[in-house]
Amino acid sequence: MPDIRAHWTPNAALFNRFKKAWLLKILGEDLGLAQEAVTLASSSKKEIVAFCDKLFAEPFATLTDTQRAAVAAWCPPMMQTAGGACDETAPITETPEPDGEVAQAA
Numbered sequence: 001m002p003d004i005r006a007h008w009t010p011n012a013a014l015f016n017r018f019k020k021a022w023l024l025k026i027l028g029e030d031l032g033l034a035q036e037a038v039t040l041a042s043s044s045k046k047e048i049v050a051f052c053d054k055l056f057a058e059p060f061a062t063l064t065d066t067q068r069a070a071v072a073a074w075c076p077p078m079m080q081t082a083g084g085a086c087d088e089t090a091p092i093t094e095t096p097e098p099d100g101e102v103a104q105a106a
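For the sequence shown, this note's numbering begins at 1 and goes up steadily by one.
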């Protein structure tokens, strides 16, 4: 599966769809910007969206290498690819559906 972040960057249009609490969670937990999340907790959602938009458009020079990597790789959970790069040596396992349930559903 291709890396979605190689072709797409989160922006204000995406961040406006999230609740303020989730934006703060993304900043604090996912990106390792706990201090910024605490500081922005008293800000309006509009200000947090603007902060996130700027952060993803041009990662701040003050970020650590770990924070910079997190910002470069972050995308919403449903858009994440498993482990980033595809491991072609890993076997793909599927759980077969019991035939009886499929026949009953049809």
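For every residue, glycine included, the Cβ atom is placed at its ideal position computed from N, Cα and C. As the structure is a computational prediction, the values presented were derived from the model and not from experiment.
A direct Cα-to-Cα measurement between T66 and A12 gives close to 23 Å. The segment 68-81 makes no contact with the segment 34-49; the number of CB pairs closer than 8 Å stays below 3. Within the same chain, Cβ atoms closer than 8 Å to the Cβ of L24 are found at A37, L40, A41 and I48, the five residues on either side in sequence being excluded. Taking the Cα positions, Q80 is about 7 Å away from I4. One Cα belongs to K19, the other to L27, and the distance between them is close to 13 Å. A straight line joining the alpha-carbon of N16 with that of K46 spans about 8 Å.
Annotation for C75: no alpha helix (DSSP H) segment contains it, and DSSP assigns it neither H nor E.
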